[in-house]
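All remarks here apply to the structure that follows.
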Amino acid sequence: MRRRVLGSSGMLVTEFTLGAMTFGAETPEDDTHAILDAFVAGGGDTIDCADVYAEGRSEEYVGRWMASRGNRDDVVLMTKGRFPVGADAGPNGFGLSRRHLTRALDASLRRLGTDHIDLYQVHAWDPLTPPEQWLQTLDAFVRSGKVREIGVSNLNGWQLQRAIMLARQEGLAPIVSLQPQYNLLAREVEWELVDLCELEGLGLLPWSPLGGGWLTGKYRREVVAASGSDVPTGATRLGEDPGRGVESWYKRNDDRVHAIVDEVVAIADARGNTPSQVALAWVNHRRTVASTILGVRTVAQLEDNLGAVGLELSAEETARLDAVSAPELPDYPYGFLSRASERRREALGDPAGSDG
Ligand SMILES: NC(=O)c1ccc[n+]([C@@H]2O[C@H](COP(=O)([O-])OP(=O)(O)OC[C@H]3O[C@@H](n4cnc5c(N)ncnc54)[C@H](OP(=O)(O)O)[C@@H]3O)[C@@H](O)[C@H]2O)c1
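Everything in the sequence shown is counted per the numbering used here, starting at 3 for the first residue and increasing by one.
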C-alpha cells in the first residue's frame with residue numbers, strides 16, 4: 003500500500019486508514035483483532051480511534067491488540083477527544099476545555115496502552131471554549147511528548163481558517179489535518195474546506211467513505227425489495243442499529259442517492275470491481291486527500307475494500323461519478339460567487355478553476 007505525507011507533518015500515513023468505530027459496537031474483540039491483522043497484512047499501518055467509540059472499548063481493543071502483537075512503533079495511531087464518554091460524563095466531561103481535553107488524552111493513552119498519540123484530533127468545534135484555549139492545550143500536549151501532531155474533525159470553513167491562523171500567530175503547534183465526512187453522497191466539504199486544505203497544506207482524512215454502507219450497493223431498491231421488507235434487514239448498520247442507521251436510511255432513500263449508487267454499480271460491473279472499491283477509489287484520489295478511513299464490521303468487508311488499494315479510475319469514469327453526484331450548490335454565496343468567478347475567468351479565456 004502506498005504512503006502519503008500527512009499535511010505539513012512529514013509523517014507518512016498509508017493511503018487507507020483503518021477506522022475503529024465499529025470496534026466494541028458491532029464488532030466483538032476477537033474479530034477486531036482479526037480485522038487489524040488483515041489490515042496490516044494488506045500493507046496498512048494507520049489506525050483511527052476516538053475515545054467516544056463504544057464508550058472507550060474501541061481504544062481498549064486496539065490497545066490490547068498492539069500489546070499482544072508488540073507493534074506499537076509500527077502503527078501510526080490517531081485518536082480524538084471532545085465528546086462525552088459514557089452516560090455519567092457530567093457537565094465538564096466533554097468539550098474542548100483544558101480540564102476535559104487533558105483528562106480525555108490521559109484516558110485515551112491508558113486505554114491504548116501507549117505513552118503517545120501520533121495524531122490527536124479535536125472531534126468537533128466547541129462553542130464554549132475559544133480556539134486560542136484549546137490550541138494552547140494541544141500545543142502543551144505536543145511539548146510534553148504525549149502527542150506528536152494535531153488535527154481537527156468536523157469544522158466548517160471559518161472555524162478551520164481561524165484555528166489555523168491563531169496557531170500560526172501564537173507560534174503554537176500547527177493543525178496538520180482535517181477529518182470530515184466525504185463520499186459520493188456527501189460532497190459539501192468541496193464548497194470551502196478542500197480549497198482551504200490545499201491552500202494551507204492540510205491533509206484530508208475522509209470519514210464514512212461508503213456513506214455508512216450505501217455505496218456498497220446493498221441498499222439498492224431492488225435489493226431491499228427482494229428481501230421482502232421496506233427497509234434494510236439483517237446484520238447491517240441500517241438494519242440492526244436504529245440509533246445509527248434507520249434514521250439515515252430514511253434520510254438518504256431518495257432518487258438522487260439511488261442514481262449515484264446505480265452509477266457506481268454500473269462502473270464497477272463494467273470494470274470488474276466491486277461498488278465499494280469504485281466508491282473508495284473515487285474519494286481516495288480527490289484533491290488533498292492524505293488517507294481514506296475505512297469502516298468495516300467484518301474481515302470479509304475489509305478484504306473487499308482493500309481491493310481499492312492502487313485502484314485509479316479513468317478520467318471518463320471519474321467524470322461520470324462527478325456529474326451524477328455533483329451537490330446542488332446553495333445559491334448564496336456559493337452559486338453567486340461561482341457565476342461571478344466564471345465571468346471573471348472567461349475574460350482570461352480560462353473558465354476552469356477551483357475557487358468557486
Ligand atoms: N470524525 C468523525 O466524526 C467520524 C464520524 C464517522 C466515522 N469516522 C471514522 O471513519 C471511519 C469509517 O466511517 P464509517 O464506518 O461510517 O465508514 P463507511 O465506509 O461509510 O461505512 C462502513 C460500514 O459500511 C458497511 N460496509 C463496509 N464495507 C462493506 C463491504 N465491502 N460490503 C458491505 N458492507 C460494507 C459496514 O456496515 P454494516 O455491515 O453494518 O452494514 C461498515 O461498518 C470510522 O471507523 C471512524 O474511524 C469519523
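Cβ coordinates follow ideal geometry from the N, Cα and C atoms, glycine included.
Quickly, what does DSSP pair residue i with across the bridge? List them, please.
{"i": "Gly153", "result": "Gln123 and Ser179"}
{"i": "Met80", "result": "Asp50 and Leu121"}
{"i": "Trp160", "result": "DSSP, once it has assigned bridges, lists no residue as partnering Trp160."}
{"i": "Ile295", "result": "Thr19"}
{"i": "Glu14", "result": "Looking at the sequence shown, residue 14 is not Glu but Leu. According to DSSP, which records beta bridges pairwise, Leu14 is partnered with Val7."}
Which value, in whole angstroms, describes the spacing of the CA atoms of residue i and residue j?
{"i": "Met167", "j": "Trp193", "result": "20 Å"}
{"i": "Leu98", "j": "Val124", "result": "8 Å"}
{"i": "Gly115", "j": "Val266", "result": "41 Å"}
{"i": "Gly358", "j": "Ser327", "result": "Note on Gly358: pLDDT 44, under 50, position unreliable in the model; the coordinate value appears next. One C-alpha to the other measures close to 17 Å."}
{"i": "Leu14", "j": "Ile177", "result": "16 Å"}
{"i": "Arg145", "j": "Tyr122", "result": "13 Å"}
{"i": "Arg347", "j": "Arg289", "result": "21 Å"}
{"i": "Leu137", "j": "Leu107", "result": "14 Å"}
{"i": "Pro329", "j": "Val311", "result": "26 Å"}
{"i": "Val7", "j": "Met23", "result": "24 Å"}
{"i": "Val291", "j": "Val285", "result": "8 Å"}
{"i": "Gly9", "j": "Trp67", "result": "28 Å"}
{"i": "Asp256", "j": "Gly241", "result": "17 Å"}
{"i": "Pro361", "j": "Lys82", "result": "Lying outside 3 to 358, the shown extent of the chain, residue 361 is not represented and no answer is given."}
{"i": "His118", "j": "Gly274", "result": "42 Å"}
{"i": "Thr131", "j": "Phe143", "result": "17 Å"}
{"i": "Asp39", "j": "Ser210", "result": "21 Å"}
{"i": "Arg84", "j": "Leu103", "result": "7 Å"}
{"i": "Arg299", "j": "Val263", "result": "21 Å"}
I'd like to confirm something about residue i: is its beta-carbon nearer than 7 Å to some heavy atom of ligand 1, or not?
{"i": "Arg222", "result": "no"}
{"i": "Thr139", "result": "no"}
{"i": "Ile295", "result": "yes"}
{"i": "Pro211", "result": "yes"}
{"i": "Asn156", "result": "yes"}
{"i": "Thr24", "result": "yes"}
{"i": "Val301", "result": "no"}
{"i": "Asn286", "result": "no"}
{"i": "Asn307", "result": "yes"}
{"i": "Val15", "result": "no"}
How about residue i and residue j: do their beta carbons lie closer than 8 Å?
{"i": "Asp141", "j": "Ala109", "result": "no"}
{"i": "Leu206", "j": "Tyr184", "result": "yes"}
{"i": "Leu304", "j": "Phe41", "result": "yes"}
{"i": "Gly21", "j": "Ile295", "result": "yes"}
{"i": "Ser293", "j": "Thr139", "result": "no"}
{"i": "Asp53", "j": "Val87", "result": "yes"}
{"i": "Leu195", "j": "Ala281", "result": "no"}
{"i": "Trp127", "j": "Gln161", "result": "yes"}
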